[in-house]
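>
2 protein chains.
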Amino acid sequence: MTLDYTQMDQETASDTAIPRRSLTMAVADRLRDQIMRGEIPEGAQLRQDAIATQYQVSRIPVREALRQLDAEGLIEIVHNRGAIVPALSPEDIEELFSIRALLEPEVLKLSIPHLTKEDFSEAEAVLQTYVQELKHEEHVSAWGRLNWQFHSILYSRANQPRFMAIIRNVNNSGERYTRLQLYLTHGMKRANEEHHQILELCRNREIAPACKLLRQHIHFAGESLKQALERKRAAAQGESAQGDSKNGDQPSKS
Amino acid sequence: MTLDYTQMDQETASDTAIPRRSLTMAVADRLRDQIMRGEIPEGAQLRQDAIATQYQVSRIPVREALRQLDAEGLIEIVHNRGAIVPALSPEDIEELFSIRALLEPEVLKLSIPHLTKEDFSEAEAVLQTYVQELKHEEHVSAWGRLNWQFHSILYSRANQPRFMAIIRNVNNSGERYTRLQLYLTHGMKRANEEHHQILELCRNREIAPACKLLRQHIHFAGESLKQALERKRAAAQGESAQGDSKNGDQPSKS
DNA sequence: CTGCCGGATATAACATGCGATATAGTAAGT
DNA sequence: ACTTACTATATCGCATGTTATATCCGGCAG
Numbered sequence: 718m719t720l721d722y723t724q725m726d727q728e729t730a731s732d733t734a735i736p737r738r739s740l741t742m743a744v745a746d747r748l749r750d751q752i753m754r755g756e757i758p759e760g761a762q763l764r765q766d767a768i769a770t771q772y773q774v775s776r777i778p779v780r781e782a783l784r785q786l787d788a789e790g791l792i793e794i795v796h797n798r799g800a801i802v803p804a805l806s807p808e809d810i811e812e813l814f815s816i817r818a819l820l821e822p823e824v825l826k827l828s829i830p831h832l833t834k835e836d837f838s839e840a841e842a843v844l845q846t847y848v849q850e851l852k853h854e855e856h857v858s859a860w861g862r863l864n865w866q867f868h869s870i871l872y873s874r875a876n877q878p879r880f881m882a883i884i885r886n887v888n889n890s891g892e893r894y895t896r897l898q899l900y901l902t903h904g905m906k907r908a909n910e911e912h913h914q915i916l917e918l919c920r921n922r923e924i925a926p927a928c929k930l931l932r933q934h935i936h937f938a939g940e941s942l943k944q945a946l947e948r949k950r951a952a953a954q955g956e957s958a959q960g961d962s963k964n965g966d967q968p969s970k971s
Numbered sequence: 718m719t720l721d722y723t724q725m726d727q728e729t730a731s732d733t734a735i736p737r738r739s740l741t742m743a744v745a746d747r748l749r750d751q752i753m754r755g756e757i758p759e760g761a762q763l764r765q766d767a768i769a770t771q772y773q774v775s776r777i778p779v780r781e782a783l784r785q786l787d788a789e790g791l792i793e794i795v796h797n798r799g800a801i802v803p804a805l806s807p808e809d810i811e812e813l814f815s816i817r818a819l820l821e822p823e824v825l826k827l828s829i830p831h832l833t834k835e836d837f838s839e840a841e842a843v844l845q846t847y848v849q850e851l852k853h854e855e856h857v858s859a860w861g862r863l864n865w866q867f868h869s870i871l872y873s874r875a876n877q878p879r880f881m882a883i884i885r886n887v888n889n890s891g892e893r894y895t896r897l898q899l900y901l902t903h904g905m906k907r908a909n910e911e912h913h914q915i916l917e918l919c920r921n922r923e924i925a926p927a928c929k930l931l932r933q934h935i936h937f938a939g940e941s942l943k944q945a946l947e948r949k950r951a952a953a954q955g956e957s958a959q960g961d962s963k964n965g966d967q968p969s970k971s
């Protein structure tokens with residue numbers, strides 16, 4: 718996977734202009750970010766022309782970016798019918814978190830022995846930022862990123878790039894639902910406490926307990942998210958057939 | 718006419734969507750197959766123009782197919798410099814099989830309760846074909862496919878598409894090295910015996926033993942492949958050119 | 001003789017245009 | 001009035017042409 722991990726947030730502001738480097742990559746990053754933040758809601762169909770004109774590029778980079786995202790599992794491309802952001806079923810959520818619960822403890826196990834003090838303080842800083850952001854409800858989308866940052870720091874010393882690529886993709890696929898978890902504030906609180914506990918166990922190099930707690934942590938997060946999703950779907954069932962306007966910040970066309 | 722839409726020979730019944738093939742998909746399948754069979758050797762650089770003229774298509778489908786394969790982890794695209802088939806290090810092999818050893822038993826556990834008699838007989842047939850093919854050394858490339866067929870049949874009832882997608886990709890990434898395992902004939906024999914044992918355990922619905930044996934089976938296969946690869950690399954160290962048997966029809970610059 | 005710089009060439013990245021295909025809307029027939 | 005078939009439009013897919021960038025080679029200077 719040719720993801721450019723080095724430079725992530727350099728072009729966050731510009732809406733239409735794409736900076737240098739590969740246009741395809743830039744468009745893919747942009748769309749991925751928008752999907753993960755929920756700005757492109759589930760079920761939305763991504764039309765190549767609209768995206769191309771929006772980003773001031775031709776349709777070729779857009780097409781390739783869409784194919785990239787399709788391979789990452791973020792969208793689905795159907796022949797001659799465009800790409801859509803699939804709505805994840807509770808079963809999908811369960812499966813995603815099962816994969817996480819399986820892979821991430823294994824990577825953590827390999828990483829813990831090589832974690833440095835700098836890693837720990839960095840993770841600590843992320844957790845503090847996390848607490849700060851929790852106070853502002855409007856920063857929901859930041860939570861998912863901070864969550865991933867914390868986890869990925871802990872895994873960073875495992876030196877298992879393929880594991881990490883898979884884990885990253887799986888996390889991305891579900892991240893656009895993290896805003897749902899805001900509804901269960903106690904769930905977030907619990908997650909935060911577990912994060913601190915996990916970090917402490919890693920500091921003490923208690924590998925097995927840390928991995929076990931991590932597995933439980935992921936499992937619980939998946940369960941609560943699954944339930945939140947089921948509630949949301951049940952609530953959306955009663956409403957109109959077309960009016961899912963609660964996430965009305967969709968950009969696909971204007 | 719090098720490219721035929723109509724012939725969709727592969728695809729075991731695991732895929733949900735079996736839509737019409739686009740040129741991009743066809744090219745991607747072709748290239749993926751060639752890479753997995755080893756017809757495109759490691760280190761070869763895939764030039765878009767050459768592939769396009771070879772398959773009688775334009776460069777656009779080729780580009781998109783390459784990007785697809787890149788996202789699958791089969792090749793690496795470097796900006797403005799084309800795509801290459803990466804040479805996997807022994808550590809890569811180890812990581813790939815670690816992932817398999819982690820994911821596949823979990824899927825098998827979920828699948829076993831729902832396996833039918835038809836599944837068992839189908840798997841049995843694959844194993845018999847496998848034994849047949851082993852006698853002909855020239856059919857090495859068939860072994861990888863049969864191996865995957867057998868495994869995927871056992872997992873097919875788990876109904877975990879994302880697990881399966883990951884497992885499939887991980888298997889694909891390493892499959893072009895299965896020919897190396899031919900060198901250790903006893904390893905193949907052992908693999909065959911283990912396959913039969915696993916199948917028997919699945920028949921008796923002995924979930925835990927089956928999963929445990931599967932894990933060991935994958936682990937052993939990875940270890941032996943890793944050792945074979947190390948031997949090959951050590952041998953290739955002396956002679957800069959190693960004669961790969963069949964790559965006469967490939968766009969490799971020389 | 002060697003190392004650096006600049007142009008030529010090859011190759012990938014991107015844009016535009018055209019043909020193909022699916023969906024929707026309308027009209028006609030039962 | 002309902003269903004079906006046909007047409008029109010919007011969108012995707014592929015081809016060809018153009019631009020940008022990296023590599024390679026040769027000349028010039030030190």
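As you go down the protein sequences, you meet chains A and B in turn.
The number in my numbering is simply the position in the first sequence, starting from 1, with 717 added.
The number in my numbering is simply the position in the second sequence, starting from 1, with 717 added.
A virtual CB, placed ideally from N, CA and C, is assigned to each residue, including glycine.
(1) What does R784/B reach in chain A if we use C-beta pairs closer than 7 Å?
(2) Use the C-beta contact count for G790/B: other C-beta atoms within 10 angstroms, 16 or more gives buried, fewer gives exposed.
(3) Using alpha carbons as the reference points, say which of I792/B, Q877/B and A804/B lies closest to E812/A.
(4) Could you tell me whether the Cβ atoms of D847/B and L825/B are closer together than 8 Å?
(5) Which bits of chain B does L813/A rub up against, with CB to CB less than 8 Å?
(6) Between E661/A and chain B, is the shortest Cβ-Cβ distance under 8 Å, so that the two count as touching?
(7) Using a C-beta cutoff of 8 Å, does E759/B count as contacting chain A?
(8) F867/A and L820/A: beta carbons closer than 8 Å?
(9) Within 10 angstroms of its Cβ, does S806/A collect 16 or more other Cβ (buried), or is it exposed?
(10) Using the beta-carbon of each residue, which ones in chain B are nearer than 9 Å to L832/A?
(11) Out of A925/A, G861/A and Y872/A, which has the shortest C-alpha to C-alpha gap to A938/A?
(12) Please report the Cβ distance between H936/A and A908/A, rounded to the nearest whole angstrom; I am assuming they are in contact, meaning their Cβ atoms lie under 8 Å.
(13) Is the CB-CB distance between T741/A and E781/A below 8 Å?
(14) Can you confirm whether the stretch 836-853 of chain A touches the stretch 795-809 of chain A when touching is taken to mean that 3 or more C-beta pairs between the two stretches lie within less than 8 Å?
(15) Do you know whose CA, among I829/A, L871/A and P758/A, lies nearest Y844/A's CA?
(16) Give the DSSP-derived three-state secondary structure of I757/A in the structure shown.
(17) Find the residues of chain B that neighbour G939/A, judging by a C-beta separation of less than 7 Å, and give them in chain order.
(18) Beta carbon of S815/A, beta carbon of A875/A: below 8 Å?
(19) At the 8 Å Cβ level, is E789/B part of the contact set with chain A, yes or no?
(20) With distances taken from CA atoms, which of E823/B, E892/B and A859/B is nearest L931/B?
(21) Expressed to the nearest angstrom, what Euclidean distance is found between the alpha-carbon atoms of N888/A and W865/A?
(22) Relative to the alpha-carbon of N921/A, which residue among A767/A, V779/A, R893/A and P830/A has its alpha-carbon at the smallest distance?
(23) Look at the alpha carbon of Q751/A and the alpha carbon of R764/A, and state the distance between them as a whole number of angstroms.
(24) Closer than 8 Å between beta carbons: that is the criterion. Which residues of the stretch 918-943 of chain B meet it against chain A?
(25) Under 7 Å between beta-carbons, which chain A residues line up against I870/B? List them in chain order, please.
(26) Quick check: is the beta carbon of I829/B nearer than 8 Å to any beta carbon in chain A?
(27) By the three-class DSSP mapping on this structure, what secondary structure does L827/B have?
(28) Run down chain A in chain order and give the residues with a C-beta less than 9 Å from the C-beta of L763/B.
(29) Using 8 Å as the limit for Cβ to Cβ distance, is L819/B near chain A?
A quick look at the data gives this:
(1) E781, R784 and Q785
(2) buried
(3) Q877/B
(4) With the sequence shown as reference, residue 847/B is identified as Tyr, and Asp is not the correct amino acid for it. Their beta carbons are not under 8 Å apart, which means Y847/B does not touch L825/B by this criterion.
(5) R879
(6) The question about residue 661/A has no answer here: the residues shown for chain A are numbered 718 through 971.
(7) no
(8) no
(9) exposed
(10) Here the premise fails: no neighbours, minimum Cβ distance about 19 Å.
(11) G861/A
(12) That pair is no contact at about 12 Å.
(13) yes
(14) no
(15) Checking the sequence, you will find Leu at residue 844/A rather than Tyr. Residue L871/A is the option with its Cα nearest to L844/A.
(16) coil
(17) Going along chain B, no residue has its Cβ under 7 Å from G939/A, so there is no contact; the nearest lies around 13 Å.
(18) no
(19) yes
(20) E823/B
(21) 8 Å
(22) P830/A
(23) 15 Å
(24) none
(25) Those within 7 Å of I870/B in chain A number zero; the least Cβ separation is about 20 Å.
(26) no
(27) helix
(28) In chain order: nothing, as chain A lies at least about 14 Å away.
(29) yes
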